[in-house]
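*Asks:* Just so you know, we're using my numbering here: the sequence shown kicks off at 28 and counts up by one.
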Amino acid sequence: MPKYQAVSISLRACAMAMLLSAAAVVSLCAQHVLAGTAPVCEPGKGYVAIDASEQLSEDFLKRIKAIGIGSVIRYYDWSNETLPGKTLTIRELTLIAKLDMSLAVVFQHQNDCLCTFMTKGRGTRDAKRALELARSFAQPAGSAIYFGVDGVDAQFLSLLRATGIPGGEAEARKFVQRYVRPYFEEVTQAMQSSGYKIGVYGSGLVCSQLMDARLVAYCWLANATSWPGYADFEATKRWVLKQHLPTRRANCFGVEVDLNSGNAAAVDFGQWRPKSF
28 MPKYQAVSIS LRACAMAMLL SAAAVVSLCA QHVLAGTAPV CEPGKGYVAI
78 DASEQLSEDF LKRIKAIGIG SVIRYYDWSN ETLPGKTLTI RELTLIAKLD
128 MSLAVVFQHQ NDCLCTFMTK GRGTRDAKRA LELARSFAQP AGSAIYFGVD
178 GVDAQFLSLL RATGIPGGEA EARKFVQRYV RPYFEEVTQA MQSSGYKIGV
228 YGSGLVCSQL MDARLVAYCW LANATSWPGY ADFEATKRWV LKQHLPTRRA
278 NCFGVEVDLN SGNAAAVDFG QWRPKSF
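1) Identify every residue that forms a DSSP beta bridge with Phe-174.
2) Pull up the distance between the alpha-carbon of Ala-51 and that of Leu-186, whole angstroms please.
3) Give every residue of the same chain whose Cβ lies closer than 7 angstroms to the Cβ of Ser-80, excluding the five residues on either side of it in the sequence, and list them in chain order.
4) In the stretch 142-211, which residue ranges form an unbroken alpha helix (DSSP H) of at least 4 residues, counting only runs that do not cross its ends?
5) Use the C-beta contact count for Gly-150: other C-beta atoms within 10 angstroms, 16 or more gives buried, fewer gives exposed.
6) Just how far apart, CA to CA, sit Ala-244 and Gly-226?
7) Leaving out the 5 sequence neighbours to the left and right, which residues in its chain are closer than 6 angstroms to Phe-87 when beta-carbon positions are compared?
8) Going along the chain, which residues of its own chain have a beta-carbon closer than 6 angstroms to the beta-carbon of Val-67, five neighbours each way excluded?
9) Buried or exposed: which applies to Val-179, given that a residue is buried once 16 or more other Cβ atoms fall within 10 Å of its Cβ?
10) What are the uninterrupted segments assigned as beta strand (DSSP E) that are 3 or more residues long and contained completely in the stretch 84-142, given in chain order?
11) Identify every residue that forms a DSSP beta bridge with Ala-313.
12) Note down the Cα distance separating Glu-69 from Val-132, rounded to an integer number of angstroms.
13) Cα separation between Phe-134 and Tyr-173?
14) Relative to the C-alpha of Pro-301, which residue among Val-99, Phe-260 and Gln-236 is closest?
15) Would you call the CB atoms of Tyr-228 and Phe-144 closer than 9 angstroms?
16) Taking 8 angstroms as the cut-off, does the stretch 204-220 touch the stretch 231-241 (at least 3 CB pairs, one atom from each stretch)?
17) Flag this pair as yes or no: are the beta carbons of Ala-217 and Lys-155 separated by less than 9 angstroms?
18) Please classify Gln-219 as buried or exposed, where buried requires at least 16 neighbouring CB atoms within 10 angstroms.
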């Protein structure tokens with residue numbers, strides 16, 4: 028594989044980033060460019076799943092099911108969670124089983140920061156932790172574990188702009204090839220005999236690059252339409268889930284969630300029906 032020009036660019040960017048204030052670096056790593064009106068949890072909208080980063084109650088799940096949403100997406104994470112309560116629990120899994128709903132899972136631990144993908148071996152460690160959790164929840168073979176790439180390609184472009192280095196989607200593509208692809212190559216290697224499929228949550232650019240490389244079976248297209256490659260990839264219909272803006276708590280039974288549309292041509296997005304413990 029030829030060495031990408033992005034290697035030198037990214038190293039220059041990282042070096043210059045150290046000159047930025049801590050607040051500026053945190054801002055770049057946390058950036059989500061969202062626009063529009065927050066949706067409402069109501070029937071008749073065609074949403075197939077909600078994703079939530081907090082633990083869910085039986086009452087909330089009943090209300091979600093009553094408006095026609097049959098799937099819940101929850102997180103796998105390290106024990107030192109990114110957010111308290113982010114990781115799926117046995118209690119929630121039992122409730123989802125009781126209500127005859129389906130479940131999908133995504134692994135994320137600081138997957139919104141460049142450092143995650145610039146750390147060699149991180150994909151292997153994350154995959155092993157995801158497998159540990161999957162087995163503890165009796166997640167069946169043939170279902171999927173998604174891994175988040177939460178806007179790091181967009182953050183890389185922001186970093187280039189902040190440090191005065193010219194950049195565009197071509198540079199973001201090189202960044203994905205240099206750092207995100209190796210992460211997923213490690214994930215693939217660690218999971219190759221597990222029986223689980225691999226999905227990615229991310230931008231259109233990330234999804235297209237990883238699907239073209241056959242490193243993932245599913246794309247869950249993130250809601251940030253300003254991230255690289257959104258419009259082009261959205262038009263291809265290669266995604267199985269398309270995320271929408273977060274709700275307000277007042278508009279979704281007291282919980283802030285993301286609503287997700289499904290692709291009519293791809294009913295299976297790696298979800299599974301859990302068993303009660």
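Yeah, the Cβ is synthetic: ideal placement off N, Cα and C, and Gly gets one too.
*Replies:* Taking the coordinates as given:
1) Phe-134 and Val-227
2) Bear in mind that the predicted position of Ala-51 carries a pLDDT of just 37, short of 50, making it too unreliable to give a figure here.
3) Tyr-102, Leu-110 and Lys-113
4) 149-163, 179-189 and 196-202
5) buried
6) 6 angstroms
7) Phe-280 and Val-282
8) Asn-278
9) buried
10) 98-103 and 129-134
11) Since the first residue shown for the chain is 28 and the last is 304, residue 313 is missing from the structure and cannot be characterised.
12) 23 angstroms
13) 6 angstroms
14) Val-99
15) no
16) yes
17) yes
18) exposed
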